[in-house]
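>
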Amino acid sequence: MTNSKKINKKDIGGLLKEWSQEFTVFIPWRESGVAMLDKWDGTDTGFIDWYRNTVKPAKANFFPPMEEMFRFQKGREGYHIELPLDEHKQLIFGIRPCDARSLAILDMTFTESYQDPYYLPKRNNAVLIGLGCLKPYDSCFCTSLGISPAESTDVDLMLTDIGDQFLVKEITQKGKELIARASQVEEATEADEARAKEVRKAAYGKVTRRIDTKAISEKLLSCFDNQDYWEKVAAKCISCGICTFLCPTCYCFDINDELVKRQGARFRSWDSCAFPIYTKMPMENPRVEKWRRVRQRVCHKFEFYPMNFGTIACTGCGRCIRLCPVNWDITQTLDKLPG
Ligand code: SF4
Ligand code: SF4
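Have a look at this one:
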């Protein structure tokens, strides 16, 4: 008798079908060659073979690129406001440990400074099923941030590929209850657990890119005013904002109203500290120069966020490296910080 369960890979479709009765199920999906999380079509489980990680991170399921905050209508007695009601329960199958950690980081942002009424209901209504990452990219450096590519406690259930089956570890009560109701699940054996342990160890060893996070906040503080360094590292950035939009822990947003005659809606949409107008104020803009904006992005993740929340706001997912159009590399910037 072990503490784990297992499920045959060929039964995953049946399991997702069962869960679809209660949840909107999201799985990794390929749209025009781009991997992202999308609603399961009820049949295809092919992602098990091709999936590495999504381009758009899971944060988009909880903090969408554009979201309606409320609708309004002007009447004789003032404004009538209508709030959206989001009660749908979502189940994300296949989230990677780095992205599950990013949600734990975003939870701090949207809970500790204030209780975000749009993000939190979605998070509280969601179930995360993690899937160990066995083919990390060259750009991944999650292990430097204390994350193991095939292990996670930031999910409800954690799955490890052990051949024809997945070993299932129950992490939360929510996950335990979910798996207790599933029909295709069996008890795992000690040999299954030993196999999963080997797989996790091998996955860990495949992440070869590393950064040294020891004293990183102090190093950033001491080179904060080193304009020469920041100008040099910022030189090739084109301020496109991709690295922030696709970073699973970036959360800046802008708010706009759309109004037609007497009615309209207020939206929030992703914004980026890479954009020159991001900090534009009536009298001045403190980050007109690109080097100040690049410095802000790096310092926010590795110096200011730890100061405010006690954790680095980077999971080493590597998206900002592999998706940057000019190959700007945050690990090189951190590696060469002047003392
Ligand atoms: S993705 Fe690359 S080029 Fe675009 S803002 Fe980020 S670092 Fe600059
Ligand atoms: S900064 Fe880059 S590596 Fe770190 S979480 Fe964001 S996208 Fe991933």
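The letter at position 130 of the sequence shown is residue 123 when you use this note's numbering, and the numbering goes up by one with no holes.
Heads up, the beta-carbon is just placed ideally off N, CA and C, and yes, glycines get one too.
Closer than 8 Å is the cut-off here; do at least three beta carbon pairs connect the region 13 to 30 with the region 66 to 74?
no
> In three-state DSSP terms, what is residue 85?
Locating residue 85 in the sequence shown gives position 92, where the first residue counts as 1. Strand, per DSSP.
> Could you tell me whether the region 267 to 284 touches the region 226 to 236, where touching means 3 or more Cβ pairs closer than 8 Å?
yes
> Let me check understanding here. Comparing Cα to Cα, which of 321, 269, 275, 273 lies closest to residue 291?
Within the sequence shown, the letter at position 298 stands for residue 291. Ranking the options by Cα distance to residue 291, first place goes to 321.
> Run the proximity test for residue 210: is its beta-carbon closer than 7 Å to any non-hydrogen atom belonging to ligand 2?
For the purposes of this step, residue 210 is taken as the residue at position 217 of the sequence shown. It does not: the Cβ of residue 210 is nowhere closer than 7 Å to a heavy atom of ligand 2.
> My guess is that residue 148 and residue 125 are in contact by the Cβ rule of under 8 Å, so how many angstroms apart are they, rounded?
Against the sequence shown, residue 148 aligns to sequence position 155. Against the sequence shown, residue 125 aligns to sequence position 132. Not confirmed; about 11 Å, so no contact.
> So which of 62, 15, 83 has the shortest CA-CA distance to residue 52?
Your numbering for residue 52 matches position 59 in the sequence shown. The shortest Cα separation from residue 52 among 62, 15, 83 belongs to 83.
> Could you check whether residue 192 and residue 164 sit closer than 8 Å to each other, using their CB atoms as the reference points?
Working through the sequence shown from its first residue, we reach residue 164 at position 171. Working through the sequence shown from its first residue, we reach residue 192 at position 199. Contact: no.
> Which term fits residue 150, buried or exposed, when burial requires 16 or more other beta carbons within 10 angstroms of its beta carbon?
Counting from 1 along the sequence shown, the entry for residue 150 is found at position 157. Answer is buried; the Cβ neighbour count reaches 16.
> Which residue wins for smallest C-alpha separation from residue 266, given the options 275, 234, 296?
Taking the first residue of the sequence shown as position 1, residue 266 is located at position 273. Comparing Cα positions, the closest option is 234.
> With 16 as the cutoff for other CB atoms within 10 Å, does residue 40 come out buried or exposed?
On the sequence shown, residue 40 is found 47 positions in, with the first residue counted as 1. With 16 or more Cβ atoms within 10 Å of its Cβ, residue 40 is classed as buried.
> Would you call the CB atoms of residue 55 and residue 121 closer than 8 Å?
What you label residue 55 is simply residue 62 of the sequence shown in a count that begins at 1. What you label residue 121 is simply residue 128 of the sequence shown in a count that begins at 1. No, these two residues do not count as a Cβ contact at 8 Å.
> Label residue 176 either buried or exposed according to how many other C-beta atoms from any shown protein chain fall within 10 Å of its C-beta, with 16 as the threshold for buried.
The count along the sequence shown starts at 1 and reaches residue 176 at position 183. Residue 176 comes out exposed.
> Give the C-beta separation of residue -5 and residue 181 to the nearest angstrom, bearing in mind that I take them to be a contact with Cβ-Cβ under 8 Å.
The residue given as residue -5 occupies position 2 in the sequence shown. The residue given as residue 181 occupies position 188 in the sequence shown. Rounded, the Cβ-Cβ distance is 5 Å, consistent with contact.
> Return the residue from the list -1, 206, 135 that minimises the CA-CA distance to residue 330.
As a first step, residue 330 must be located in the sequence shown, where it is residue number 337. Residue 206 is the option with its Cα nearest to residue 330.
> Do you know whose CA, among 9, 143, 288, 198, lies nearest residue 222's CA?
In the sequence shown, the residue the question calls residue 222 occupies position 229. Nearest C-alpha to residue 222: 288.
> Report the CB separation of residue 129 from residue 49 in whole angstroms; it is logged as a contact under 8 Å.
The count along the sequence shown starts at 1 and reaches residue 129 at position 136. The count along the sequence shown starts at 1 and reaches residue 49 at position 56. No, residue 129 and residue 49 are not in contact; Cβ-Cβ is about 18 Å, not under 8 Å.
> Considering only heavy atoms of ligand 1, does any lie closer than 7 Å to the CB of residue 13?
Here the question's residue 13 lines up with position 20 in the sequence shown. No, ligand 1 has no heavy atom inside 7 Å of this Cβ.
> Would you grab the beta carbon distance between residue 140 and residue 94 for me? Rounded to a whole angstrom, and I think it's under 8 Å.
As a position in the sequence shown, residue 140 is number 147, starting the count at 1. As a position in the sequence shown, residue 94 is number 101, starting the count at 1. Right, their Cβ atoms sit about 5 Å apart.
> Go through the residues and name those whose CB comes closer than 6 Å to any heavy atom of ligand 1, in chain order.
Those satisfying the condition are, in chain order, 230, 231, 232, 233, 234, 235, 236, 267, 317, 318, 319, 321.
> In the DSSP output, which residue or residues are listed as bridge partners for residue 72?
For the purposes of this step, residue 72 is taken as the residue at position 79 of the sequence shown. Partner(s): 67.
> Less than 8 Å between the beta carbons of residue 273 and residue 159, yes or no?
On the sequence shown, position 280 is the one that residue 273 refers to. On the sequence shown, position 166 is the one that residue 159 refers to. No; because the gap between Cβ atoms is not below 8 Å, this pair is not in contact.
> Can you name, in chain order, every residue of its own chain whose Cβ lies under 7 Å from the Cβ of residue 58, other than the five neighbours on each side?
For the purposes of this step, residue 58 is identified with residue 65 of the sequence shown, where counting begins at 1. Within the same chain, residue 58 has close Cβ partners 262, 263.
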